[in-house]
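Enquirer: To start, I am sharing the structure in question, which I have written as structure tokens.
2 protein chains.
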Amino acid sequence: MKTLIQNVEIITMDAQNPYYPEGVILFSGDTIEYVGCLSELEANLGKLCMDEVKVVDGKGMLALPGFINAHTHIAMTAFRGYADNLPLSEWLSEKIWPMEDRLKPGDSYWLSLLGAAEMISAGVTAFSDMYMFTPDIAQAVSDCGMRAVLSRGLTGPDENTEMKFKEVEELAQWQSRTKGRIRMMMGPHSVYTCSPEFLQTCRQWAERYRVGIHIHLSETAREVADCMRQYDKTPVRHLFDLGFFDLPVVAAHCVHLTHDDMDLMARYHVKAVHCPSSNMKLASGFAPVDEMLERGITVSLGTDGAASNNNLSILKEMSLAALIAKGYTGDARAVPAQTALEMATISGAKALLMSDEIGSLKAGKKADIQLIDISSPHYYPKEDPVVHLVYSGYSGDINTVIINGRVVMQDRELVTIDLDRVCREVDRIVKRIRL
Amino acid sequence: MKTLIQNVEIITMDAQNPYYPEGVILFSGDTIEYVGCLSELEANLGKLCMDEVKVVDGKGMLALPGFINAHTHIAMTAFRGYADNLPLSEWLSEKIWPMEDRLKPGDSYWLSLLGAAEMISAGVTAFSDMYMFTPDIAQAVSDCGMRAVLSRGLTGPDENTEMKFKEVEELAQWQSRTKGRIRMMMGPHSVYTCSPEFLQTCRQWAERYRVGIHIHLSETAREVADCMRQYDKTPVRHLFDLGFFDLPVVAAHCVHLTHDDMDLMARYHVKAVHCPSSNMKLASGFAPVDEMLERGITVSLGTDGAASNNNLSILKEMSLAALIAKGYTGDARAVPAQTALEMATISGAKALLMSDEIGSLKAGKKADIQLIDISSPHYYPKEDPVVHLVYSGYSGDINTVIINGRVVMQDRELVTIDLDRVCREVDRIVKRIRL
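So the sequence lines, in the order shown, correspond to chains A and B.
When we follow the working numbering, the leftmost residue of the first sequence carries the number 54, and every step to the right adds one.
When we follow the working numbering, the leftmost residue of the second sequence carries the number 54, and every step to the right adds one.
Here you go:
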């Protein structure tokens, strides 16, 4: 069965054919077959046999590739709104880690479904995650139909090292089990929670599994200062010296970077994930996004966990990325709307190491599509839809979400998740673990 | 006829009784009669005769006073998304002012209704405006049921000075015509567009009409530098020396302030309006909100015009105010959620010089109420609702809006504005005036 979305305004994020004021998207199974004008579709494919096509009217909607959340901790929805107004180190050691110790296997299944429900509602179709309890998370992703790259967060060495790497082995099996909808990266947490030898082990595993590495990098001034004191080099240089940059590295946060750090990242194609809400909320600072982009570094967007954001909307991060860069640099031309939208889509796909498959609407790519209702007053007068979306759009405008060719939200109703059940389970879990 | 909202979670913003997990709000005509628990209501007022009461079920909703937008230019919806990525001075002189010259009487009626539709959809019940074409704006406000303080933006002297002050005289009549729903302030635009003598004239008119003064103040580094060069003092000191601070002054932006400026503002109760989106988008900078608050200065929130924001959501500005302050100061305790919510409500009421009448839910105050749907995933798990609203909330969550006792949005449907008509008229106007 094919699906044809018609009468829809399309922003493809494909540099060749970026925009159709009124077009069609045809997909079959999990794959896009055509994006463009109806007349050309008919010229290319011949008249469609409409008995075999489900038609969706996209009138008044804007079609876009799904947003991509390139750094999150999906099960941390448990801690949303808890322990507010604390800087990163205190917040982690005194509040979050003690509560995480109370989580049991199974809990993260429900917590992840809550995060997935929220992301789908906000037009996010794929995400890159780092957390514990990866079997629960993988099961939730598998059930709800999202696309994800999962990393087992690794700190050490400690008494649980063996168990953690066992979970990595288990995680690797989900790729075939979900026909590639779930993938894996290695997830050494950071330079301040992993010894150099432990980081080396993680690097070797990434090499063995032929996967990328997802790591927190230069998030706070303190992380950099501690690393300088301990190793006499910045966290970026430290990872470089450990041979990390021979493999694909996705570095979350990148707030405190030297020029040398950025030059290294650019030369070795280290991909940065900008997390503006989290960096502000935890008072970590403003990342030098404009300077990274100038050097050609791929900068994507992440929400970080709901504990430090506190929501999981890439649309919000996109708007923030565009606004903050201007305030921070004093240059109104920094991070224009189009760049911000690239960060939220095609650059996110690069950060998931999947830019051949997702991140733009193009024949041959996966059918990860969002339809945004642009009939609300904040989309008038009609203007460049990218500018409207980035500066005026709200997450609640997202009407329909399709992942891997499957409708997961229609008219703002979630199709694959029983939200009432999820909320009840989450409230029950949270009641148990709260300090 | 009375209206009773029941089974509703209430954040009153009234320091005496800030929160009811499940309560009722009773209002009659334009005025709130009771906020609290149903049992106490019955004890206080006796059993209500339910034939005379319209009952609204607030289950799953959070009731709050309406948001207050303390600085906007409502008819600038015409320029939303136009002339992006330019700094303030270029943007004004090369793009906005030439297009404004093409606006005709009547245009701003439709442009204002678009802005009103957007504000109502985002839970804004009252706003303070500075623009031209005030007869059109006042008519639109009168028709759609919003509450507003309007200022005729004044620059000069020039050949139109007489005409502008004539519009001020006309504007003054709307207060009685709308039974106080529309009020007036004097609106000298700024120290860089008004001569000292012209500012004096505006001050005298404010004194004569017994109204406050709404002015742009210390928005850009350039404004401050030019003022220093011309008058050898900061814009704040300049206004002080002109006797402005003997009257109520509401100062929009306040980005570039000295300690002396802030001390003066605190001593003379000058009210600041923080406009974070606009200040970032035009690369003006980050206002020292935390320092102003520490000095006891009332800091409210403004969207500025849709041309430089680009939307009119105080919920978004509230979230930004809380986040940016932490990133800017490096202190995760700066502008906590509760403070941000005060800025969006009761401090906004102070900036409209109406804190006796609006800004909190309390018997005797005007019935300006919003009901927010908190059943979406980003409001789970249940936690402090203020924290959830400020950091996780989206403008699309606002379900029902009541202004002056009149329902103006119900289940996200606008009641007093024909949005289709407004959008058509706006597109027509914009087509004509675009350069």
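Glycine included, each C-beta is placed from N, C-alpha and C at the ideal position.
(1) Identify whether T84 of chain A lies in helix, strand or coil by the three-state DSSP scheme.
(2) Sort A:R205, A:P188, A:G168 by Cα distance to D471 of chain A and report the nearest one.
(3) Would you mind sorting C102 of chain A into buried or exposed? The rule is 16 or more other CB atoms within 10 Å of its CB.
(4) Are the C-beta atoms of F339 of chain B and some chain A residue less than 8 Å apart?
(5) When you compare each of A:L414, A:I427, A:G198 to R234 of chain A by their alpha carbons, which one comes out closest?
(6) Report yes or no: do three or more beta-carbon pairs, one from the segment 59–70 of chain A and one from the segment 105–122 of chain A, lie closer than 8 Å?
(7) Name the chain B residues whose beta carbon is nearer than 9 Å to that of S161 of chain A?
(8) Pick helix, strand or coil for M239 of chain A, following the three-state DSSP scheme.
(9) What residues are listed by DSSP as bridge partners for M114 of chain A?
(10) Is there at least one Cβ from chain B nearer than 8 Å to A131 of chain A's Cβ?
(11) Would you say Y72 of chain A faces chain B, with C-beta separation under 8 Å as the test?
(12) Measuring CB to CB, does K217 of chain A end up less than 8 Å from L207 of chain A?
(13) Assuming the contact rule is C-beta atoms closer than 8 Å, S400 of chain B and T351 of chain B should be a hit. Round their C-beta distance to whole Å, please.
(14) Could you list which residues in chain A have their beta carbon closer than 7 Å to that of K379 of chain B, in chain order?
(15) Note down, in chain order, each residue of its chain lying with its Cβ closer than 7 Å to the Cβ of V443 of chain B, except the 5 sequence neighbours on either side.
(16) Could you give the distance in angstroms between the alpha-carbon of M281 of chain A and the alpha-carbon of G265 of chain A?
(17) Consult DSSP for F186 of chain A and reduce its assignment to one of helix, strand or coil.
(18) At a Cβ threshold of 8 Å, is S445 of chain B touching chain A?
(19) Taking the alpha carbon of K232 of chain B as the reference point, which residue from B:Y245, B:G209, B:S195 has its own alpha carbon closest?
(20) Using beta-carbon positions only, say whether M396 of chain B and S353 of chain B come within less than 8 Å of one another.
(21) I need the boundaries of the beta strand (DSSP E) containing T398 of chain B, first residue and last residue.
(22) When you compare only the Cα positions, how much space is there between D343 of chain A and Q283 of chain A?
(23) For I173 of chain A versus L467 of chain A, is the C-beta distance shorter than 8 Å?
(24) So with CB distances below 7 Å, who are the chain A contacts of N138 of chain B?
(25) Anyone know if the C-beta pair for N452 of chain B and D437 of chain B falls short of 8 Å?
(26) Check N213 of chain A in the structure and name its three-state DSSP category.
(27) In this structure, how does DSSP classify H306 of chain A when only helix, strand and coil are distinguished?
(28) Give the residues from the segment 422–439 of chain B that approach chain A closer than 7 Å (Cβ to any Cβ), ordered along the chain.
(29) Drop a sphere of 10 angstroms on the beta-carbon of M237 of chain A, count the other beta-carbons inside from all chains shown, and report buried for 16 or more, exposed for fewer.
(30) So, do the segment 318–334 of chain A and the segment 297–308 of chain A have three or more beta carbon pairs nearer to each other than 8 Å?
(31) What residue range does the beta strand (DSSP E) around G168 of chain B cover?
(32) So F120 of chain A is in the beta strand (DSSP E); what residue range does that whole segment cover?
(33) Are at least three pairs of beta-carbons, each pair with one atom in the segment 83–95 of chain A and one in the segment 406–417 of chain A, less than 8 Å apart?
(34) Closer than 8 Å is the cut-off here; do at least three beta carbon pairs connect the segment 159–167 of chain A with the segment 66–76 of chain B?
(35) For the pair the segment 417–426 of chain B and the segment 453–462 of chain A, tell me if three or more CB-CB distances fall below 8 Å.
(36) Starting from the Cα of V289 of chain B, find the closest Cα among B:H327, B:C255, B:V244 and give me that residue.
Expert: Checking against the coordinates, here is how it stands:
(1) Here the question's residue 84 of chain A lines up with position 31 in the first sequence. DSSP places T84 of chain A in strand when its eight states are reduced to three.
(2) In the first sequence, counting from the first residue as 1, residue 471 of chain A sits at position 418. Here the closest residue by C-alpha is A:G168.
(3) Along the first sequence, read from residue 1 onward, the residue named residue 102 of chain A stands at position 49. Exposed, because fewer than 16 other Cβ atoms sit within 10 Å of the Cβ of C102 of chain A.
(4) The residue labelled residue 339 of chain B in the question sits at position 286 within the second sequence. Cβ-Cβ to chain A under 8 Å: yes for F339 of chain B.
(5) Within the first sequence, residue 234 of chain A is the residue found at index 181, counting from 1. If we check each option's Cα against that of R234 of chain A, A:G198 comes out closest.
(6) yes
(7) Here residue 161 of chain A is taken as the residue at index 108 of the first sequence, counted from 1. By Cβ distance, chain B contributes nothing, its closest Cβ being about 14 Å from S161 of chain A, past 9 Å.
(8) For the purposes of this step, residue 239 of chain A is taken as residue 186 along the first sequence, with counting starting at 1. Here M239 of chain A sits in strand by DSSP.
(9) On the first sequence, position 61 is the one that residue 114 of chain A refers to. Its beta-bridge partners are A:D426.
(10) Within the first sequence, numbered from 1, the residue matching residue 131 of chain A stands at position 78. A131 of chain A counts as touching chain B.
(11) Position 19 of the first sequence, counting from 1, holds the residue named residue 72 of chain A. No, Y72 of chain A lies away from the interface with chain B (no Cβ there is under 8 Å from its Cβ).
(12) By one-based count along the first sequence, residue 217 of chain A stands at place 164. By one-based count along the first sequence, residue 207 of chain A stands at place 154. Yes, the pair counts as a contact, with Cβ atoms nearer than the cut-off.
(13) Walking along the second sequence from the start, residue 400 of chain B turns up at place 347. Walking along the second sequence from the start, residue 351 of chain B turns up at place 298. Confirmed, about 5 Å.
(14) For the purposes of this step, residue 379 of chain B is taken as residue 326 along the second sequence, with counting starting at 1. Within chain A, the residues near K379 of chain B are M333, K334, A336.
(15) Taking the second sequence and counting its residues from 1, one reaches residue 443 of chain B at position 390. So the list reads M371, S372, A375, A390, A393, L394, once near-sequence residues are dropped.
(16) Here residue 281 of chain A refers to the residue found at position 228 when the first sequence is read from its first residue. Here residue 265 of chain A refers to the residue found at position 212 when the first sequence is read from its first residue. C-alpha separation (whole angstroms): 26 Å.
(17) The residue given as residue 186 of chain A occupies position 133 in the first sequence. F186 of chain A falls in the coil class under three-state DSSP.
(18) For this step, residue 445 of chain B is matched to residue 392 along the second sequence. Judged by the 8 Å Cβ criterion, S445 of chain B is in contact with chain A.
(19) Along the second sequence, one-based indexing puts residue 232 of chain B at 179. Nearest C-alpha to K232 of chain B: B:S195.
(20) Here residue 396 of chain B corresponds to residue number 343 of the second sequence, with the count starting at 1. Here residue 353 of chain B corresponds to residue number 300 of the second sequence, with the count starting at 1. Cβ distance < 8 Å, so M396 of chain B and S353 of chain B count as in contact.
(21) Translated into the one-based positions of the second sequence, residue 398 of chain B becomes position 345. First-last for T398 of chain B: undefined, no H or E at that position.
(22) Counting from 1 along the first sequence, the entry for residue 343 of chain A is found at position 290. Counting from 1 along the first sequence, the entry for residue 283 of chain A is found at position 230. Looking at the two C-alpha atoms, the distance is approximately 30 Å.
(23) Here residue 173 of chain A refers to the residue found at position 120 of the first sequence. Here residue 467 of chain A refers to the residue found at position 414 of the first sequence. Yes, Cβ-Cβ distance for I173 of chain A and L467 of chain A is below 8 Å.
(24) Locating residue 138 of chain B in the second sequence gives position 85, counting from the first residue. The contacting residues are A385, R386, P389.
(25) By 1-based counting over the second sequence, the position of residue 452 of chain B is 399. By 1-based counting over the second sequence, the position of residue 437 of chain B is 384. No, these two residues do not count as a Cβ contact at 8 Å.
(26) As a first step, residue 213 of chain A must be located in the first sequence, where it is residue number 160. Note: N213 of chain A maps to coil in three-state DSSP.
(27) The residue you call residue 306 of chain A lines up with position 253 of the first sequence. Three-state DSSP puts H306 of chain A in a strand.
(28) S429, P430, H431, Y433, P434, K435, E436, D437
(29) By one-based count along the first sequence, residue 237 of chain A stands at place 184. Classification for M237 of chain A: buried.
(30) yes
(31) By one-based count along the second sequence, residue 168 of chain B stands at place 115. No beta strand (DSSP E) holds G168 of chain B; the alpha helix (DSSP H) holding it covers 160–174.
(32) As a first step, residue 120 of chain A is located in the first sequence; it is residue number 67 there, counting from the start. 120–125 is the span of the beta strand (DSSP E), which, as asked, contains F120 of chain A.
(33) yes
(34) no
(35) no
(36) If you number the second sequence from 1, residue 289 of chain B lands on position 236. Minimum Cα distance to V289 of chain B is reached at B:V244.
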